[in-house]
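Which chain is which? The protein sequence lines are W and C, in order.
Numbering of the first sequence is given in this note's numbering, commencing with residue 1 and proceeding in unit increments.
Numbering of the second sequence is given in this note's numbering, commencing with residue 244 and proceeding in unit increments.
All C-beta atoms, glycine included, are put in the ideal place defined by N, C-alpha and C.
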Amino acid sequence: MKVELFVSCLVDQMWPQVGMATVALLERAGCTVRFDPRQTCCGQPAYNTGYRDEARSVATCFLDTYARSDAEAIVVPSGSCAAMIHHLPELFAADPDRQRLARELAGRTHELATFLTSVRPLDAIDARFEGRVTWHDACHGLRDLGVKDAPRALLAKVAGLELVELASCESCCGFGGTFSVKVPDVSLAMADHKIDEMLANELDAIVSGDVSCLMQLEGRLRRRGSTVRVMHLAEVLTTGGVA
Amino acid sequence: MIEHLTSERFEQNVDRALADETLRGALRHATGLFSERRTTALQEVSDWEALRDRARAIKDEVLRDLDTHVDRFEERARAAGAIVHRARDGAEARRIVLDLVRAADADMLVKSKSMTSEEIGLNDALEAQGIEPIETDLGEWIVQLAGELPSHIIVPAIHKTKRQIAELFRDKVGAQGDESPEELTAIARRILRRKFAEARVGITGVNFAIAETGTILILENEGNIRFTNTLPPVHIALMGIEKVLPRMADLATFLRLLPRSGTGQHLTSYQSLLTGPGGRDGGEGPREMHIVILDNGRSELLREEITRQSLACIRCGACLNACPVYQQIGGHAYGSVYPGPIGAILTPQLAGLERTRKLPYASSLCGACRDVCPLKIDIPALLLHLRAKVVTGEDVPGAHGTASVIRSGRFLERRAFRAWAFLMRGPTRYALASFGARLVARLGSGAGVFARILGRMPVLRSWTKGRTLHRPGGKSFRAQYRARGGPRT
């Protein structure tokens with residue numbers, strides 16, 4: 001199965017190991033992975049701040065990158081980017097041709113955990129992670145795309161991993177894109193609400209499907225003096241197994 | 244226009260709220276309690292989603308042709324003996340109410356909780372004319388004694404602790420200052436009961452107005468609304484145009500949703516279904532019933548499909564309880580009688596974006612509000628819609644008396660996003676931007692002098708005041724991928 005990897009600008013630049021782990025997982029699932037170097041960003045930061053023209057111009061680049069792709073799927077290791085791509089048809093409402101292309105591409109775009117459980121199920125997760133781990137339900141993945149059971153099902157296959165469910169798992173981490181710098185004190189208070197419960201539960205790692213959330217949680221945890229590991233799903237699923 | 248608006252001070256309001264540990268404790272406790280009760284109440288309903296869909300379908304039906312439904316309601320209400328008044332805006336509504344109160348020769352009146360009356364600043368207008376309005380909803384009476392605005396649309400005094408209320412009663416009504424909630428309630432009951440009997444006018448809000456029969460429905464737990472709309476000889480009911488539902492049978496859907504969403508109750512303790520004045524033909528109740536139907540910018544929201552859903556709100560307050568931002572800062576921080584998620588979309592649309600332009604950004608777009616809204620109002624979509632308006636500088640259609648172009652002072656931000664978009668549009672420019680971003684992240688996450696300098700720059704300093712900067716490891720993904728030689732099967 002041919003898949004395009006839309007790795008997301010944040011993973012590409014700040015968490016490259018997540019991209020490499022995603023490639024490894026997709027190949028283990030029997031996919032031929034193509035990474036088109038013309039890709040840049042889904043446009044979300046501009047769109048969410050109200051800059052629709054700017055978002056549209058960047059999203060056009062996304063459309064152009066995949067316009068002639070014959071891959072069956074575009075896989076994204078980010079719930080928020082996958083959700084943004086699903087909203088692209090609205091952004092191109094004034095351009096019927098581009099809107100049609102956006103709709104077609106959105107139909108082929110899948111968030112990583114969903115892809116590995118519903119589209120191309122990966123049963124042979126050969127990974128070992130000894131420790132207590134909690135899953136943070138990133139908002140866009142959870143509420144826009146229904147990513148809830150899929151990552152938990154995948155983590156259940158990791159040897160040695162004890163999944164600890166927290167009451168605040170669905171609570172927003174406080175990142176919210178530019179919200180984190182426009183209303184920073186509230187953003188921190190929201191992170192602390194989750195982190196207080198995390199720190200009270202003796203965890204070895206906090207895991208999520210969105211590096212934006214990881215950046216927020218890790219940033220706050222380290223400032224609060226915690227050394228708990230903060231990892232992306234793809235990293236955990238490729239830990240300690242056969243590479 | 245919304246009275247008592249302080250939304251332009253959002254940032255200062257937030258600072259004050261976050262520094263108030265008592266407030267934060269009270270919010271944590273109350274929002275947690277209501278959310279828990281809501282969850283429990285929902286477990287008893289097997290067709291919650293179907294109820295939400297049906298309610299939304301009914302609202303969509305009404306809002307597609309609201310004028311017709313409001314006209315029908317007015318016609319039926321008149322036929323039942325009510326006197327119906329239309330108020331284009333808050334000023335007109337205040338004038339109508341004042342005239343009615345003077346005609347009743349009243350120098351005081353009793354009032355039940357009505358967010359609409361807060362919206363138009365009715366109490367201030369009455370007091371300015373020497374008329375004393377007495378709030379009879381316990382939470383509203385508490386905030387009235389404290390000289391504050393309500394901070395939640397269902398539980399106006401949610402921001403106050405038991406101790407604060409006891410001390411307030413000590414200072415204002417001569418209590419000891421250490422009473423239990425039951426004792427405080429008994430004090431309030433004793434004081435307010437006399438007022439119900441003395442008052443010549445009672446003012447209430449309206450939860451739903453039924454076009455089919457000209458009936459208004461008002462819900463409550465305390466019994467003060469029954470007193471307010473029964474004892475005084477003149478009853479004035481104040482409602483927004485969006486309160487109208489087509490049929491009595493529609494209440495079966497809405498009454499299953501509203502109490503459960505707001506407080507986790509199956510149903511409120513009392514429901515008043517009033518069709519015309521009860522005392523008209525010598526029966527029990529007021530001899531005069533007046534219904535004031537307020538527009539105040541609402542009809543402008545009907546123009547676009549995306550904004551129309553703002554009027555689907557049934558004021559349950561579930562979104563406030565679910566909102567992680569509201570949970571931290573409470574209602575007063577929003578600077579409007581309509582706070583929280585619904586307030587962040589309604590306040591700008593009724594008051595104009597000029598003064599409220601921070602409110603659409605008072606959200607991380609998490610969507611918890613949309614999940615709990617019984618009418619499935621897509622609040623995040625509306626927040627994004629309003630953010631786009633702030634950026635283009637085009638105010639909302641109904642912004643009476645405000646500038647049609649918002650001065651948003653976003654010169655630098657605009658330039659930054661334009662530059663960002665330019666850099667994101669092609670792989671070579673992207674590579675340049677990436678190099679810069681990684682360099683900044685590397686330098687900023689270190690411990691040296693560069694980190695300190697960068698830590699003082701705008702945007703970055705907002706990040707680093709409470710968080711460390713992530714240090715990117717190794718080469719970028721695309722460099723690593725290129726190095727390994729491309730795809731493998």
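- Task: Report the neighbours of residue 222 of chain W on chain C: residues whose CB is nearer than 8 Å to its CB, in chain order.
- Result: 710 and 711, listed in chain order.
- Message: Can you pull out the residues from the region 556-576 of chain C whose beta carbon lies closer than 7 Å to at least one beta carbon of chain W?
- Response: With the criterion set as a beta carbon lying under 7 Å from some beta carbon of chain W, the members of the region 556-576 of chain C are 567, 568, 571 and 572, in sequence order.
- Touching by the beta-carbon criterion (3+ pairs, under 8 Å), the region 2-19 of chain W and the region 716-723 of chain C: Yes, the region 2-19 of chain W touches the region 716-723 of chain C.
- Message: I believe residue 180 of chain W touches residue 140 of chain W by the beta-carbon criterion, under 8 Å. Please report the beta-carbon distance rounded to the nearest angstrom.
- Response: In fact, because the Cβ distance is near 15 Å, the residues do not count as touching under 8 Å.
- Message: I'd like to confirm the pairing. Which residues does DSSP put opposite residue 135 of chain W in its beta bridges?
- Response: Beta-bridge pairing links residue 135 of chain W to W:207.
- Task: Provide the residue span of the alpha helix (DSSP H) that contains residue 439 of chain C, from first to last.
- Result: Unbroken alpha helix (DSSP H) run through residue 439 of chain C: 424-441.
- Message: Judging by CA-CA distance, which residue of C:699, C:726, C:714 and C:697 is the nearest neighbour of residue 211 of chain W?
- Response: Comparing Cα positions, the closest option is C:714.
- Task: Report all residues from its chain with a CB closer than 7 Å to the CB of residue 624 of chain C; omit the five preceding and five following residues, and keep chain order.
- Result: 549.
- Opening and closing residue of the alpha helix (DSSP H) in which residue 275 of chain C lies: Here the alpha helix (DSSP H) through residue 275 of chain C covers 264-286.
- Message: At the 8 Å Cβ level, is residue 98 of chain W part of the contact set with chain C, yes or no?
- Response: Not a single CB atom of chain C sits nearer than 8 Å to the CB of residue 98 of chain W.
- Which value, in whole angstroms, describes the spacing of the CA atoms of residue 708 of chain C and residue 217 of chain W? Roughly 14 Å between the two C-alpha positions.
- How is residue 700 of chain C classed by DSSP in three states: helix, strand or coil? In this structure, residue 700 of chain C counts as coil in the three-state DSSP scheme.
- Item | CB of residue 46 of chain W within 8 Å of CB of residue 58 of chain W, strictly | In this structure, residue 58 of chain W lies closer than 8 Å to residue 46 of chain W by Cβ.
- Task: Would you identify the three-state DSSP class for residue 410 of chain C, choosing helix, strand or coil?
- Result: When secondary structure is reduced to three states using DSSP, residue 410 of chain C falls in the helix class.
- For the 8 Å Cβ check, are there 3 or more pairs between the region 269-277 of chain C and the region 446-460 of chain C? Touching, no.
- Buried or exposed for residue 232 of chain W, please, with buried defined as at least 16 other CB atoms from any protein chain shown within 10 angstroms of its CB. Per the 10 Å Cβ criterion, buried.
- Just the chain C side, please: which residues come within less than 8 Å of residue 12 of chain W by C-beta, in chain order? 677, 719, 720 and 721, listed in chain order.
- Query: Shorter than 8 Å from the beta carbon of residue 661 of chain C to some beta carbon of chain W?
  - Reply: Chain W, which has a Cβ nearer than 8 Å to the Cβ of residue 661 of chain C, makes this yes.
- Message: Could you check whether the region 76-96 of chain W touches the region 109-117 of chain W, counting it as contact only if at least three pairs of C-beta atoms, one from each stretch, sit closer than 8 Å?
- Response: Cβ pair count under 8 Å is three or more, so yes.
- Residue-chain proximity (residue 614 of chain C, chain W), Cβ-Cβ < 8 Å: Yes - at least one Cβ of chain W is within 8 Å of the one on residue 614 of chain C.
- Item | Rounded straight-line distance, which links the Cα of residue 509 of chain C to that of residue 585 of chain C | Going by the C-alpha atoms only, they are around 23 Å apart.
- Taking Cβ positions only, does residue 174 of chain W come closer than 8 Å to chain A? Within the model displayed, chain A is absent; protein chains W and C are what it includes.
- Count the other C-beta atoms from every protein chain shown that fall within 10 angstroms of the C-beta of residue 617 of chain C, then say buried if there are 16 or more, exposed otherwise. So residue 617 of chain C counts as buried.
- Query: Are the beta-carbon atoms of residue 385 of chain C and residue 403 of chain C separated by less than 8 Å?
  - Reply: Less than 8 Å divides the Cβ of residue 385 of chain C from the Cβ of residue 403 of chain C.
- Message: Taking the beta strand (DSSP E) that residue 447 of chain C belongs to, which residues open and close that run?
- Response: Counting along the chain, the beta strand (DSSP E) containing residue 447 of chain C begins and ends at 444-447.
- Item | Buried or exposed by the 16-neighbour rule on C-beta atoms within 10 Å, applied to residue 533 of chain C | Burial state of residue 533 of chain C is buried, judged by a 10 Å Cβ sphere holding 16 or more other Cβ atoms.
- Query: If you draw a straight line from the alpha carbon of residue 521 of chain C to that of residue 324 of chain C, how long is it in whole angstroms?
  - Reply: One C-alpha to the other measures close to 9 Å.
- residue 131 of chain W CB to nearest heavy atom of the ligand FMN below 7 Å: Among the ligands in the structure shown, none appear at all, so the ligand FMN cannot be discussed.
- Message: Among W:9, W:215 and W:38, whose alpha-carbon lies nearest the alpha-carbon of residue 175 of chain W?
- Response: The option with the nearest alpha carbon to residue 175 of chain W is W:215.
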